[in-house]
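One structure below.
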Amino acid sequence: DNRRPGGVAGLNAQLTLNIGGQLSIPFSPFLSTAQAGFQQPFNQLGASPTWRWAQLHAGYFSTRLSELTLADARLLGGGVEHTPGVFRLSVIRGRSQRAVEADSAAFRDGLFRRTLTAVQLGVGKEEGWHLWLTGLRAADDTTSVQRPGTATPLENVALSMQFGATIVPRVAKLSGEVALAATNGDRTADSLAFGDLEPGRRENGVPVGVAPVHRLLADAGPPRDRLYGDGPETSLSEEPTSCIENRGIGG
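Note that my numbering has the sequence shown beginning at 26, numbered continuously upward.
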């Protein structure tokens, strides 16, 4: 890649501090000499301390709530995951993509700052019966870039239900996840309210007045698609991880 420095050095580490056998604090620093303005940040530091049934996240971190929603995306932000007994509550919020201005000389489109918010509620244990509900929203900040080029600010909303039950102990178990996702391909595009529907008027075979809905659903792919973006920030090593490699806005 001719946009990168000729030589790059990096240091990646996984450190864990254990206090009294009760508090565990893992650190994940990543330092690199590749810190050009057009790149996503390479110098990253985060901590995810765990105490009994609670885990906190701060700085750069990644976590997995479900396979079809938040699955190992690298975020800059914070969150908390509680799993007391058979109950589960997780709240996660962070930036998954940094804003970058377009550069026509480098043939590069801009990137909007993207923020991801996820909430999970549930009851039961993964190894037995359980029912977990997860909601996720990933949205680009429309004001974060002054020169976007041809890039448009995206938005995605996903809802997921995970379930599991033991049919025959130690022999058969049923588990799975179902999800629904909707994507807005341009948050700045004009739309009409349902009350503005003009009978007989259509665009591409769709009644004009339902633009807010058909715009969301027309681009909606599998829930793992278009959630997180394809910026280098999504992975320390810039290697594809889980659902992060999907193009677009969002796992």
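Where is the CB? At the ideal position from N, CA and C, for every residue including glycine.
Given a threshold of 16 other Cβ atoms within 10 Å of its Cβ, counted over all protein chains shown, does residue 244 qualify as buried or as exposed?
As a first step, residue 244 must be located in the sequence shown, where it is residue number 219. Reliability of the predicted coordinates at residue 244 is poor, the pLDDT of 40 falling under 50, and the value obtained from them is presented with this limitation in mind. So residue 244 ends up on the buried side.
8 Å contact criterion, which residue 127 and residue 173 should meet: CB distance rounded:
Here residue 127 corresponds to residue number 102 of the sequence shown, with the count starting at 1. Here residue 173 corresponds to residue number 148 of the sequence shown, with the count starting at 1. That belief holds up - the Cβ atoms of residue 127 and residue 173 are roughly 6 Å apart, short of 8 Å.
Can you tell me which of the three DSSP states residue 176 falls into?
Residue numbering aside, residue 176 sits at position 151 when the sequence shown is read from its first letter. Three-state DSSP puts residue 176 in coil, outside helix and strand.
Roughly how many angstroms separate the alpha carbons of residue 136 and residue 73, rounded to a whole number?
Stepping through the sequence shown from its first residue, residue 136 is reached at position 111. Stepping through the sequence shown from its first residue, residue 73 is reached at position 48. Whole-angstrom Cα-Cα distance: 28 Å.
Mind checking residue 25: buried by the 16 CB within 10 Å criterion, or exposed?
In this structure the chain extends from 26 to 276, so residue 25 is not present and cannot be described.
With burial defined as no fewer than 16 other Cβ atoms inside 10 Å of the residue's Cβ, what is the status of residue 91: buried or exposed?
Translated into the one-based positions of the sequence shown, residue 91 becomes position 66. Per the 10 Å Cβ criterion, buried.
Going by beta carbon distance, what residues of the same chain come within less than 6 Å of residue 109, once the five residues before and after it are set aside?
Position 84 of the sequence shown, counted from the start, is the residue given in the question as residue 109. For residue 109, where only same-chain residues beyond five positions count, the Cβ hits under 6 Å are 78.
For residue 105 and residue 81, I'd like the C-alpha separation in whole angstroms.
Working through the sequence shown from its first residue, we reach residue 105 at position 80. Working through the sequence shown from its first residue, we reach residue 81 at position 56. Approximately 5 Å between the Cα atoms of the pair.
When you compare only the Cα positions, how much space is there between residue 165 and residue 85?
Sequence index remark: in the sequence shown, residue 165 carries index 140 (1-based). Sequence index remark: in the sequence shown, residue 85 carries index 60 (1-based). Looking at the two C-alpha atoms, the distance is approximately 19 Å.
Could you work out which residue in 40, 93 and 75 is closest to residue 157 when comparing CA atoms only?
Translated into the one-based positions of the sequence shown, residue 157 becomes position 132. When each option's Cα is compared against that of residue 157, the closest is 93.
Pairwise C-alpha distance: residue 190 and residue 88
Numbered from its first residue, the sequence shown carries residue 88 at position 63. Numbered from its first residue, the sequence shown carries residue 190 at position 165. Each residue's Cα considered, the two are about 24 Å apart.
Tell me which residue opens and which closes the beta strand (DSSP E) that residue 103 is part of.
Along the sequence shown, one-based indexing puts residue 103 at 78. Looking at the DSSP string, the run of the beta strand (DSSP E) that includes residue 103 is 96-107.
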